[in-house]
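Enquirer: Position one of the sequence shown corresponds to residue 198 (the working numbering), numbered consecutively onward.
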Amino acid sequence: MSKLVRFGVSLEQELLTKFDRLIKARNYTNRSEAIRDLIREELVEREWQTSGEIAGAITIVYDHHCRDLGNKLTDIQHDFLNIIISTQHLHLDHHNCLEILAIKGSAKKAQKLANILQSVKGVKHATLSMTGTGKI
Ligand code: NI
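Structure representation (structure tokens):
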């Protein structure tokens, strides 16, 4: 861990009150921790925009009784081998399956893969969650 540096921040009382309410709602124990995370969040977003590199997860829920759906989803995933680093399949109930794809690579490709999976008939829900690659 690098050396901690203290610095002062001046802002309007009203803004600080709102900030304190926000960090309380998010369960932060102090302002420093909240400010650190906000700065990192901003830097991570900049990392996506400049280098385009992300890590993340795509989560999909689908009915495995849908004709050929499992095969279709597997075919699509084989087209995105370079960004999928791991997959996990869970049987939610008699009909529904949950699949979690861990991804690392281009943000654009991740978004494209999530969109394609979402659009397949029988896929009930798909989400894409992106974060930084840990370099920041
Ligand atoms: Ni299943």
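Think of the CB as a built atom: it goes at the ideal place given N, C-alpha and C, for glycine as much as any other residue.
Computed from a predicted model, the values in this text were never measured in an experiment.
By Cβ distance, which residues of its chain are closer than 6 Å to I257, with the 5 residues on each side in sequence left out?
Expert: One-based indexing of the sequence shown puts residue 257 at position 60. Result list for I257: E296, L314, V320 and A323, in chain order.
Enquirer: Quick check: the Cα distance between A307 and H261, rounded to an integer number of angstroms?
Expert: Looking up residue 307 in the sequence shown gives position 110. Looking up residue 261 in the sequence shown gives position 64. Cα to Cα, A307 sits roughly 23 Å from H261.
Enquirer: Bridge partners of G331, per DSSP?
Expert: Counting from 1 along the sequence shown, the entry for residue 331 is found at position 134. In DSSP, G331 forms no bridge with anything.
Enquirer: So does the stretch 285 to 301 actually touch the stretch 247 to 255, counting three or more Cβ pairs closer than 8 Å?
Expert: As far as the Cβ criterion goes, the stretch 285 to 301 touches the stretch 247 to 255, which means the pair count is three or higher.
Enquirer: Could you check what DSSP says for N293 in three-state terms: helix, strand or coil?
Expert: To locate residue 293, count along the sequence shown from 1; it is residue 96. In the structure shown, N293 sits in a strand (DSSP, three-state: E or B).
Enquirer: Near S303, which residues of its chain fall below 6 Å by C-beta distance, leaving aside the five closest residues on each side in sequence?
Expert: The residue you call residue 303 lines up with position 106 of the sequence shown. Hits under 6 Å: G249.
Enquirer: Quick check on the DSSP output: what are the complete alpha helix (DSSP H) runs of length 4 or more inside the stretch 207 to 241, in order along the chain?
Expert: The qualifying runs are 210 to 222.
Enquirer: Could you have a look at K306 and say whether DSSP puts it in helix, strand or coil?
Expert: Taking the sequence shown and counting its residues from 1, the one referred to as residue 306 is at position 109. In this structure, K306 counts as helix in the three-state DSSP scheme.
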